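Undergrad:
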Amino acid sequence: MSIKTFKGGVHPNYMKQLTNKSPIQVLEAGAEVVIPLLQHIGKICEPLVKKGDYVRVGQKIGDVDAFVSSPVHASVSGTVKAIEPRLSNGGVNVNSIIIENDFTYTPVEDSGLMGDYERMTKEEIIEVIHSAGIVGMGGAGFPMHIKVNPPKDKIIKYIILNGAECEPYLSSDHRTMLEHTEEMLFGINVLMTLSNARRTFIAVEDNKPDVIDKLLKMKLPYSIEVVPLETKYPQGSEKHLIKAVTGLEVPHGKLPADVGVIVNNVDTCISLYNALIKGMPLVRRRVTVSGGAVANPGVYDVPIGMTFRELFEAAGGFKSEPAKIIMGGPMMGAAQVSLDVPVVKTTSGILAFTKKEGRTYGESPCLRCGKCVDVCPMHLMPNAIATATRLNDNDKAEKLHAMDCVECGSCSYTCPSHRYLVERIRLAKSRLQIIAAKRK
Ligand code: SF4
Ligand code: SF4
Numbered sequence: 002m003s004i005k006t007f008k009g010g011v012h013p014n015y016m017k018q019l020t021n022k023s024p025i026q027v028l029e030a031g032a033e034v035v036i037p038l039l040q041h042i043g044k045i046c047e048p049l050v051k052k053g054d055y056v057r058v059g060q061k062i063g064d065v066d067a068f069v070s071s072p073v074h075a076s077v078s079g080t081v082k083a084i085e086p087r088l089s090n091g092g093v094n095v096n097s098i099i100i101e102n103d104f105t106y107t108p109v110e111d112s113g114l115m116g117d118y119e120r121m122t123k124e125e126i127i128e129v130i131h132s133a134g135i136v137g138m139g140g141a142g143f144p145m146h147i148k149v150n151p152p153k154d155k156i157i158k159y160i161i162l163n164g165a166e167c168e169p170y171l172s173s174d175h176r177t178m179l180e181h182t183e184e185m186l187f188g189i190n191v192l193m194t195l196s197n198a199r200r201t202f203i204a205v206e207d208n209k210p211d212v213i214d215k216l217l218k219m220k221l222p223y224s225i226e227v228v229p230l231e232t233k234y235p236q237g238s239e240k241h242l243i244k245a246v247t248g249l250e251v252p253h254g255k256l257p258a259d260v261g262v263i264v265n266n267v268d269t270c271i272s273l274y275n276a277l278i279k280g281m282p283l284v285r286r287r288v289t290v291s292g293g294a295v296a297n298p299g300v301y302d303v304p305i306g307m308t309f310r311e312l313f314e315a316a317g318g319f320k321s322e323p324a325k326i327i328m329g330g331p332m333m334g335a336a337q338v339s340l341d342v343p344v345v346k347t348t349s350g351i352l353a354f355t356k357k358e359g360r361t362y363g364e365s366p367c368l369r370c371g372k373c374v375d376v377c378p379m380h381l382m383p384n385a386i387a388t389a390t391r392l393n394d395n396d397k398a399e400k401l402h403a404m405d406c407v408e409c410g411s412c413s414y415t416c417p418s419h420r421y422l423v424e425r426i427r428l429a430k431s432r433l434q435i436i437a438a439k440r441k
């Protein structure tokens with residue numbers, strides 16, 4: 002079986018061994034959960050409950066009438082204690098619903114989500130996905146009901162299940178593919194029915210041989226193919242995954258659906274099973290808790306709204322003082338300013354780094370070695386874009402295609418002079434976005 006990949010990329014120290022062998026542990030919430038009303042790309046939800054209301058697990062507690070939006074639900078049963086701004090993983094306050102847990106975990110009586118997808122219309126399945134608050138759980142939280150419902154002229158030929166999990170330290174997709182294989186395959190079948198796709202590719206990096214073996218032994222139908230990928234960062238980036246698996250290139254400014262592909266995350270697929278079979282919306286997710294400062298790294302199945310502090314405590318606390326806390330992976334994740342922020346739909350992992358793991362370096366002059374150019378998976382010139390940004394030359398940054406940068410951080414990772422490449426390119430992108438908005 003051939004191993005597929007893309008051109009460029011880097012091989013960081015993966016550190017998966019800290020978590021990839023331990024079975025998923027299920028945790029329940031503490032005395033309260035904090036449910037932010039914004040956990041997706043799009044418009045923030047309005048609360049549907051008020052202080053003092055009793056809510057059940059799976060009850061819709063926030064929603065908004067906007068095209069790009071996704072409702073939020075209670076992850077425990079109990080009483081709404083407050084609706085107020087609380088610190089979120091983005092470092093800003095977000096209006097949130099705080100629920101006092103009554104520890105009975107009483108489920109909502111009828112969520113209206115359960116159904117036989119083979120007998121449902123396309124519109125009915127999409128409505129379930131919307132009502133269940135399912136969003137892309139591997140990245141930015143793009144609402145899934147929009148992703149799986151492209152314009153009518155876009156014919157979807159392939160589904161790709163993104164099991165690459167190329168970020169170092171993270172193992173939640175790995176353990177989920179291994180321990181919840183049937184639910185994942187159920188989700189794939191729903192997506193194939195919905196989109197009329199001819200084939201699904203389950204794309205898995207070859208550092209997960211147990212997952213690849215298990216799937217191959219299952220003798221899947223011809224329409225579902227297991228595709229081993231070279232272990233290389235950023236293999237899970239949508240455009241690179243599509244190129245590696247199908248050979249198709251998503252042009253600049255276009256979406257995967259424009260080349261007939263929909264890419265989905267593992268946990269997102271399992272959310273379809275939970276909605277259609279259990280009648281439960283997206284109220285829990287699997288989170289990798291790792292890093293050198295954590296006593297017992299592992300993968301945990303947790304309710305949304307549990308705080309990072311509670312999660313680290315469940316993982317045995319810290320064995321040394323953490324120097325840096327990150328939500329997500331170390332390459333693209335976001336550094337956190339507090340442990341008192343809640344797990345949301347897009348929290349794939351939380352990492353606590355020791356001083357050594359989290360060390361930062363001062364910049365040195367560029368050596369013109371070209372290593373950043375060699376590794377850039379988008380074939381950009383990161384050094385030149387960063388220099389243009391530093392000189393406030395937005396025109397040049399635009400001409401160098403700064404907007405094509407996927408912010409993978411491979412250039413910064415590989416730079417021997419520790420130049421702040423991705424940081425400057427991000428700045429260039431936001432400047433160019435502002436300029437484009439002003440032009441409009
Ligand atoms: S320029 Fe952007 S896409 Fe290229 S390596 Fe750097 S961060 Fe990744
Ligand atoms: S990798 Fe660093 S030192 Fe080498 S050319 Fe790029 S910016 Fe310069």
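In terms of the working numbering, the sequence shown is residues 2 to 441.
Backbone N, C-alpha and C fix where the C-beta goes; we use that ideal spot for every residue, glycine too.
Quick caveat, the model's predicted, so the values are computed rather than measured.
I'd like to confirm something about Ser-1: is its beta-carbon nearer than 8 Å to some heavy atom of ligand 1, or not?
TA: Nothing can be reported for residue 1, as the shown portion of the chain is limited to 2 through 441.
Undergrad: Between the C-alpha atoms of Cys-270 and Ala-294, what's the straight-line distance to the nearest angstrom?
TA: 32 Å
Undergrad: How many angstroms separate the CA atom of Met-281 from the CA atom of Ala-429?
TA: 42 Å
Undergrad: When burial is assigned at 16 or more other CB atoms within 10 Å of the CB, is Pro-331 buried or exposed?
TA: By the 10 Å Cβ count, Pro-331 comes out buried.
Undergrad: Given 8 Å as the limit, tell me if Ala-387 has its C-beta closer than that to any heavy atom belonging to ligand 2.
TA: Distances taken from the Cβ of Ala-387 to the heavy atoms of ligand 2 include one shorter than 8 Å.
Undergrad: Please indicate yes or no: does the CB of Val-423 lie closer than 8 Å to some heavy atom of ligand 1?
TA: yes
Undergrad: Classify Ala-437 as helix, strand or coil using the three-state DSSP reduction.
TA: helix
Undergrad: Determine the burial state of Tyr-451: buried for a count of at least 16 other Cβ atoms within 10 Å of its Cβ, exposed for fewer.
TA: Nothing in the structure corresponds to residue 451, since the chain is present only between 2 and 441.
Undergrad: Is Asn-275 helix, strand or coil by DSSP?
TA: helix
Undergrad: Examine ligand 1 and report whether any of its heavy atoms sits within less than 8 Å of the Cβ of Ile-1.
TA: Here the chain has residues from 2 to 441 only, and residue 1 is not among them.
Undergrad: Going by C-alpha distance, which of His-402, Leu-422, Ser-71 is nearest Gln-434?
TA: His-402
Undergrad: Checking the sheet assignment: what are the DSSP bridge partners for Ser-291?
TA: Leu-352
Undergrad: Could you check where the beta strand (DSSP E) with Asp-174 kicks off and where it finishes?
TA: Counting along the chain, Asp-174 falls outside any beta strand (DSSP E), though it belongs to the alpha helix (DSSP H) covering 173 to 180.
Undergrad: What three-state label does DSSP hand Leu-230 in the structure shown?
TA: If DSSP states are grouped into helix, strand and coil, Leu-230 belongs with the strands.
Undergrad: Less than 9 Å separating the beta-carbons of Ile-243 and Leu-192?
TA: Cβ distance not < 9 Å, so Ile-243 and Leu-192 don't count as in contact.
Undergrad: Considering only residues of the region 44 to 109, which uninterrupted alpha helix (DSSP H) runs meet the minimum length of 4 residues and lie entirely inside it, listed in chain order?
TA: none
Undergrad: For Ile-4, does the three-state DSSP call read helix, strand or coil?
TA: coil
Undergrad: Can you grab the Cα-Cα spacing for the pair Met-16 / Thr-122, in whole Å?
TA: Cα to Cα, the separation comes out at about 44 Å.
Undergrad: Quickly, what does DSSP pair Gln-236 with across the bridge? List them, please.
TA: Partner(s): none; Gln-236 has no beta bridge.
Undergrad: Please identify the residue among Gly-9, Ile-42, Asn-90, Pro-13 whose C-alpha is closest to the C-alpha of Thr-308.
TA: Asn-90
Undergrad: Runs of 3 residues minimum, wholly inside the region 347 to 428: which ones carry the beta strand (DSSP E) assignment?
TA: 350 to 354
Undergrad: Based on Cα-Cα distance, which residue from Ala-258, Ser-339, Lys-22 lies nearest to Ile-156?
TA: Ranked by Cα distance from Ile-156, the options Ala-258, Ser-339, Lys-22 are led by Ala-258.
Undergrad: Report the rounded CA-to-CA distance for Leu-186 versus Glu-180, giving the unit in angstroms.
TA: 12 Å
Undergrad: Out of Thr-388, Ala-389, Val-374, state which residue places its alpha-carbon closest to the alpha-carbon of Met-382.
TA: The shortest C-alpha separation from Met-382 is found at Val-374.
Undergrad: Taking 8 Å as the cut-off, is the C-beta of Met-193 nearer than that to any heavy atom in ligand 1?
TA: no
Undergrad: Just how far apart, CA to CA, sit Tyr-234 and His-12?
TA: 6 Å
Undergrad: Under the DSSP definition of a beta bridge, which residues are partnered with Pro-144?
TA: Val-136
Undergrad: What is the DSSP secondary structure of Ile-42, counted as helix, strand or coil?
TA: coil
Undergrad: Go ahead and pull the three-state DSSP assignment for Glu-442.
TA: Given a span of 2 to 441 for the chain in the structure shown, any question on residue 442 remains unanswerable.
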